[in-house]
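Scroll down for the structure; my scribbles are underneath it.
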Ligand code: ZN
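Residue numbers (this note's numbering): -12 to 207.
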C-alpha cells in the first residue's frame, strides 16, 4: 500500500498515536483528523496538534461540537463523573461517536483522494463501547462504500490487541518511547503516565507493566 494515501482518526492518545506510526509505515501519504467535540480538556486538541507537527503529519481539526449539543456525558461535561452507568456502559460512552467520526473521516478522505481509513478502536479493551466492535466497523465499511460508491478500507490495527499488545506494537514500530512520553490518554488531561487513577490511566499503566514484564521474561 506504499503508493496509497490514508487518513488516520487521531486524538493524541496512546492508541491513535500508535495507529499514526503504523500508517506512516504502511502508506506513502498520511493525513490525520482530530474531532473537536467539546472534550473536557482542550489540551487534548493541542496535544494532537503537537504530536502531528512533531511527526510532520498534516492535521485537520474538524468541528464536531454538534455531538456535545446532542448528548451529555463524562467526556464532554466536567460535572459528570467517569464511572459505569446502570445500563453497563461507562459514562464516557458518546452514542454514535465512531459512526459519525468515521463517516466524516471518509468524506474528508474522499476529498483528499484517499481510500484508506485508520482507527485505533479495539474490541479487546473496548470498555463495552459497541462502536468499537469489529462487526460494527465492517458494517460501516460496507455502508460507506455503498453511500459514496467508493472502495474505502477501514484499517483497525489494534482491534484484537489488549493494552500490552498496543505497547508491543508501538515498540515494533520504534515508537515506544515517543508513545510513552508524548501521548495523552488520561481522562483528567495529564500527559504521559497521567493521573494514574482514572480508568484510562489504569488500563494504560497495567498494559505497560504487563508488556514490560513479558519483554523481561522473553529476554531471560
Ligand atoms: Zn488519568
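Quick reminder that beta carbons are idealized off the backbone N, C-alpha and C, glycines included.
Worksheet item: Just curious, the alpha helix (DSSP H) that residue 16 is in, first and last residue?
Response: Counting from 1 along the chain shown, the entry for residue 16 is found at position 29. Residue 16 -> not in any alpha helix (DSSP H); beta strand (DSSP E) instead, spanning 16 to 23.
Worksheet entry | For residue 197 and residue 154, the rounded distance between their alpha carbons | Your numbering for residue 154 matches position 167 in the chain shown. Your numbering for residue 197 matches position 210 in the chain shown. Rounded to whole angstroms, the gap between the alpha carbons of residue 154 and residue 197 is 9 Å.
Worksheet item: Hey, does residue 40 have any beta-carbon neighbour from chain B nearer than 7 Å?
Response: Of the protein chains in the structure, only one exists, and it is not chain B.
Practice prompt. Apply the 10 Å Cβ neighbour rule to residue -10 and answer buried if 16 or more other Cβ atoms are within range, or exposed otherwise.
Written response: In the chain shown, residue -10 corresponds to position 3, counting from 1. The residue in question, residue -10, is exposed, as its Cβ has fewer than 16 Cβ neighbours within 10 Å.
Worksheet item: Near the ligand ZN, which residues have their beta-carbon less than 7 Å from any of its heavy atoms, given in chain order?
Response: 173, 174, 175, 177, 181, 182, 183, 184, 185, 187, 188
Fill in: Nearest-angstrom Cα separation, counted from residue 105 out to residue 201
Your numbering for residue 201 matches position 214 in the chain shown. Your numbering for residue 105 matches position 118 in the chain shown. Rounded to the nearest whole angstrom, the C-alpha separation of residue 201 and residue 105 is 27 Å.
Worksheet item: Nearest CA to the CA of residue 39: which residue from -4, 139, 92?
Response: Here residue 39 refers to the residue found at position 52 when the chain shown is read from its first residue. Per the Cα distances, -4.
Worksheet item: Okay, do the stretch 15 to 26 and the stretch 117 to 130 touch, 3+ Cβ pairs below 8 Å being the bar?
Response: no
Discussion item. Counting C-beta neighbours from all protein chains within 10 Å, is the total for residue 147 16 or more, i.e. buried, or is it exposed?
Written reply: As a first step, residue 147 must be located in the chain shown, where it is residue number 160. Counting the other Cβ atoms within 10 Å of the Cβ of residue 147 gives fewer than 16, which makes it exposed.
Worksheet entry | Terminal residues of the beta strand (DSSP E) in which residue 93 lies | By 1-based counting over the chain shown, the position of residue 93 is 106. Run containing residue 93: none in the beta strand (DSSP E); it sits in the alpha helix (DSSP H), 84 to 99.
Discussion item. For the pair the stretch -5 to 9 and the stretch 171 to 183, tell me if three or more CB-CB distances fall below 8 Å.
Written reply: Taking a contact to require three or more Cβ pairs closer than 8 Å, the stretch -5 to 9 and the stretch 171 to 183 qualify as touching.
Worksheet item: Quick one: is residue 5 buried, meaning 16 or more other Cβ sit within 10 Å of its Cβ, or exposed?
Response: Mapped onto the chain shown, residue 5 falls at position 18. Result: buried.
Item to complete: Taking the CB atoms as reference points, tell me whether residue 102 and residue 163 lie closer together than 7 Å.
Response: Numbered from its first residue, the chain shown carries residue 102 at position 115. Numbered from its first residue, the chain shown carries residue 163 at position 176. No; because the gap between Cβ atoms is not below 7 Å, this pair is not in contact.
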